[in-house]
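Peer 1:
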């Protein structure tokens, strides 16, 4: 009788051990599944949720993020400058696979008499594709160099207004300099997940 009880106890603990092992196997399987289903990158996590967030453009972008942002050129080209520092902006979901994101580029201009000035920067809006993990369209919405530009959003329109200053010598006894302002306004829209130029206008003023 004692031997039968001992066998029963051994059988009980074997069953418990097998159950625990099975539970452990299931738990490990679930961990592997969850790990495989996680996104390959956390690129979007560093962007703030709103354009008015106080933390916008404070966190610098590492090399991995720059590889994604710089893979696509803006449709309105920038100038070449030095000592670039890039900062995360905001994110806004456009649809299931695309986000509107922004970033700031602070730099030192490569022009005579400007190398000691500070506060130069360009702001960019990008269309980011989640599945491809890449920027597929980019627009420079504001700039300090050399076109002083800013933008406003009206409905679906992104209107970029730019001012370019020209110093024109004037033939006179005093050899005066006339400043000419070229003012350009270009309207863009997001169509098929890309920035597209809709219309533009230009005028000169002295």
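Residue numbers (the numbering used here): 1 to 206. No residue lacks a Cβ here, since even glycine has one placed at the ideal position from N, Cα and C.
If you count every other CB in all the chains shown that lies within 10 Å of the CB of residue 135, and 16 or more means buried, which is it?
Peer 2: The sequence position of residue 135 within the chain shown is 135, counting from 1. Under this definition residue 135 is a buried residue.
Peer 1: When the distance is taken between beta carbons, is residue 76 closer than 8 Å to residue 163?
Peer 2: Locating residue 163 in the chain shown gives position 163, counting from the first residue. Locating residue 76 in the chain shown gives position 76, counting from the first residue. Not in contact: residue 163 and residue 76 (Cβ atoms no closer than 8 Å).
Peer 1: For the segment 45 to 59 and the segment 82 to 99, state whether three or more C-beta atom pairs, one from each stretch, are separated by less than 8 Å.
Peer 2: Enough Cβ pairs lie closer than 8 Å, so yes.
Peer 1: What do you reckon, are the CB atoms on residue 143 and residue 127 nearer than 8 Å?
Peer 2: Here residue 143 refers to the residue found at position 143 of the chain shown. Here residue 127 refers to the residue found at position 127 of the chain shown. Going by C-beta atoms, residue 143 is not nearer than 8 Å to residue 127.
Peer 1: Please return the same chain residues whose Cβ sits closer than 6 Å to the Cβ of residue 184, not counting the five positions on each side in sequence.
Peer 2: Counting from one through the chain shown, the residue named residue 184 turns up at place 184. Closer than 6 Å at the Cβ level, and outside the excluded window around residue 184, lie 162 and 202.
Peer 1: Ordered along the chain, which non-local residues of its own chain (more than five positions away) have a Cβ less than 8 Å from that of residue 208?
Peer 2: Because the chain in this structure spans residues 1 to 206, residue 208 falls outside the shown range and cannot be described.
Peer 1: Taking all protein chains shown into account, decide if residue 35 is buried (16 or more other Cβ within 10 angstroms of its Cβ) or exposed.
Peer 2: For the purposes of this step, residue 35 is taken as the residue at position 35 of the chain shown. The predicted position of residue 35 is uncertain, since its pLDDT is 48 and thus under 50; no value can be drawn from it.
Peer 1: Check each candidate in 51, 43 and 58 and name the one with the smallest Cα separation from residue 66.
Peer 2: The residue given as residue 66 occupies position 66 in the chain shown. Closest option to residue 66, Cα to Cα, is 43.
Peer 1: From the DSSP output, which residues share a beta bridge with residue 188?
Peer 2: Here the question's residue 188 lines up with position 188 in the chain shown. Its beta-bridge partners are 158 and 197.
Peer 1: Reducing DSSP to helix, strand and coil, say where residue 90 ends up.
Peer 2: What you label residue 90 is simply residue 90 of the chain shown in a count that begins at 1. It is a strand residue.
Peer 1: Assign residue 61 to one of three DSSP states: helix, strand, or coil.
Peer 2: On the chain shown, position 61 is the one that residue 61 refers to. Note: residue 61 maps to coil in three-state DSSP.
Peer 1: Could you give the DSSP three-state label for residue 204: helix, strand or coil?
Peer 2: Here residue 204 refers to the residue found at position 204 of the chain shown. Note: residue 204 maps to strand in three-state DSSP.
Peer 1: Nearest to residue 101 by CA position, among 190, 110 and 145, is which residue?
Peer 2: On the chain shown, position 101 is the one that residue 101 refers to. Of the listed residues, the one whose Cα sits closest to residue 101 is 190.
Peer 1: Strictly by DSSP, which residues pair up with residue 153?
Peer 2: What you label residue 153 is simply residue 153 of the chain shown in a count that begins at 1. Answer is 158.
Peer 1: For residue 101, name the three-state secondary structure that DSSP assigns.
Peer 2: Taking the first residue of the chain shown as position 1, residue 101 is located at position 101. DSSP places residue 101 in strand when its eight states are reduced to three.
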